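Residue numbering for the sequence shown follows numbering that gives the first Met the number 0, starting at 0 and increasing by one per position.
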Amino acid sequence: MMSTFNLIISLHMSNKQTKPLDFDRQHVWHPYTSMSKPLPSYFVESAHGVHLQLGSGEKVIDAMSSWWAVIHGYNHPALTKAITEQAAKVSHVMFGGLTHQPAIDLCQKLVELTPEPLQKVFLSDSGSVAVEVAMKMAYQYWFAVKASQPNLYKATDKTKLLTVKNGYHGDTFAAMSVCDPVNGMHQMFENVINKHYFAPAPKTRFGDAWDESELTELKALFAEHHQELAAFIIEPIVQGAGGMRIYHPEYLKACRTLCDKYQVLLIADEIATGFGRTGKLFACQWAAITPDILCLGKALTGGYMTLAATMCTDNVATTVSNSEAGCFMHGPTFMGNPLACAVANASLDLLIKDNWQEKIAAIELQLQQELLPLSAHSQVADTRVIGAIGVVEVKSLVNMSQIQKRFVELGVWIRPFGKLIYIMPPFIISPVELSKVIAAITTVLDENDCFIGE
Ligand code: PMP
């Protein structure tokens, strides 16, 4: 006979099964969401190509690529095959003392695809961890230099970072400490995050005439603090979650020059921009520069699995490895996960085979023709486009739940934040589908009832 306890549990479970969205609201924490007043979540039943099939019946075009990741679309046969075949061989093994073909293949591809000086690859679980790893590499590099040349850095250790305002590098503590100090989480965590230096955000827009004078403060910060600086970290060309700002390649070139002049390592965070999104395979190529340390993630697996990579030069790797510790002090449990590496290999093969340049160029042209003109709309403060990224900055804050609902009714999935309605669709989106996405944005602007003032 069923005990009262089991009966209650089983009733509770059946309740959960019949009302998954209610359970979700009550128990499942979503990104940047309150548990007491959660924003609505939409139930995804399945996904195919650019479409998400919602439980409520709507089929929406995902214009976000699930936050930059799903570049080839959902349920791609080649990616599904790669992960399924790998699962039948080995889904996971520890990476300490063991290695495997998917990881070796992936690291070989990454070494081949990225600029020549980037020779060493450290695999990890997520973008934020890749940034933590990059920062730790930079610190360990300077610990090692200091140990071998004790007179070089007498007064101060090189334990600070320099970065720019409006940046975003992740939600873990080291990553958070180099996010924008105002729109990031500095205020709340002021007493628990490390303090770093912030230069003004890059100002000259991509495509405008370069204005050298914007470097004044950046140069002064390098000159004043270089003895303390382990690294300079920046998102190349596109500042993502910190404002969707697209800046001039000359700025990035100047960063490289200043890092060289003052012996500061350059970390490029290409977690969002990597793998073709800006119209170059890596956004650093717009400025023809190579960082000392490069962070990759998001689209690395075509959005199938969480995986990230931190790459570095021989110099960084050798110096770290010749330190007193004799090794790099990091090693996550799921490092080099074979399923994630296998699907990343398939995703990179597909990217190269499918002629990504043509696809991105076509998306960019269409965004230029159909989305840029929205700058004339009375609700719009600015529009900008690079590669397969389109941004509409509106004059008023968006009402998140209202605008989300309206977009779903219009058959698209767009998740704005603040005053930014932005899209970065899967590379396989068709011209008709992209027009539908832009038309939905236009409709929402015209209706003008999803905004809540300054
Ligand atoms: N850096 C950049 C530039 C990002 O856009 C993100 C994610 N939005 C991260 C780091 C953090 O990556 P993850 O969310 O995978 O930790």
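Ideal Cβ positions, reconstructed from N, Cα and C, are used throughout, including at glycine.
Only a predicted model underlies this, so the values are computations on that prediction, with no experimental measurement involved.
Residue burial classification, residue i (beta-carbon count within 10 angstroms, cutoff 16)
| i | result |
| --- | --- |
| F42 | exposed |
| N165 | buried |
| L151 | exposed |
| D313 | exposed |
| V163 | buried |
| Q31 | Looking at the sequence itself, residue 31 is Tyr, so the reference to Gln does not match. Counting Cβ neighbours within 10 Å, Y31 comes out exposed, since fewer than 16 surround it. |
| C326 | exposed |
| D179 | buried |
| K18 | exposed |
| S13 | A caution first: S13 carries a pLDDT of 48, below 50, which makes its placement in the model too unreliable to give a value. |
| P415 | buried |
| P39 | exposed |
| V384 | buried |
| F188 | exposed |
| V27 | exposed |
| K279 | buried |
| I451 | exposed |
| A146 | exposed |
| D259 | exposed |
| H47 | exposed |
| V431 | exposed |
| G389 | buried |
| G239 | buried |
| T215 | exposed |
| D207 | exposed |
| V411 | buried |
| Y138 | buried |
Check whether residue i and residue j have beta carbons under 8 Å apart
| i | j | result |
| --- | --- | --- |
| A387 | R276 | yes |
| F503 | A380 | Here the chain has residues from 0 to 453 only, and residue 503 is not among them. |
| S123 | V132 | yes |
| A307 | A129 | yes |
| V342 | G296 | no |
| L409 | T442 | yes |
| A229 | K252 | no |
| M243 | L419 | yes |
| C294 | I266 | yes |
| I362 | A62 | no |
| I413 | H71 | no |
| L349 | I82 | no |
| I292 | R255 | no |
| L396 | G417 | yes |
| H168 | Y196 | no |
| L109 | V120 | yes |
| V264 | Y73 | The question names Val, but residue 264 is Leu in the sequence shown. No, Cβ-Cβ distance for L264 and Y73 is not below 8 Å. |
| P37 | H29 | yes |
Which residues DSSP lists as bridging residue i, in chain order
| i | result |
| --- | --- |
| V43 | L53 |
| L265 | F231 |
| E433 | Sequence inspection shows Leu at residue 433; the Glu mentioned does not correspond to that position. DSSP, once it has assigned bridges, lists no residue as partnering L433. |
| L293 | A267, M310 |
| G48 | Y73 |
Residue i in three-state terms, based on DSSP
| i | result |
| --- | --- |
| K88 | helix |
| L10 | Model confidence at L10 stands at a pLDDT of 49, short of 50, so the residue's coordinates are unreliable; what they give is reported in the following sentence. Correct three-state label for L10: helix. |
| L78 | helix |
| D348 | helix |
| V465 | The shown model of the chain, from 0 to 453, leaves out residue 465, and the question about it has no answer. |
| V59 | strand |
| F450 | strand |
| L38 | coil |
| P101 | helix |
| K252 | helix |
| K279 | coil |
| S33 | coil |
| D259 | helix |
| V342 | helix |
| W28 | coil |
| K358 | helix |
| D353 | coil |
| T272 | coil |
| F454 | The displayed coordinates of the chain run from 0 to 453. Any statement about residue 454 would go beyond what the structure contains. |
| A287 | coil |
| A68 | coil |
Taking only runs that begin and end inside the region 107-166, name each unbroken beta strand (DSSP E) of 3 or more residues, in chain order.
117-123, 159-163
What alpha helix (DSSP H) runs, 4 residues minimum, are completely inside the region 168-250?
172-175, 215-224
Alpha helix (DSSP H) runs wholly inside the region 366-427, at least 4 long, in chain order
399-408
Which runs of the beta strand (DSSP E) fall wholly inside the region 298-337 and span at least 3 residues, in chain order?
307-312
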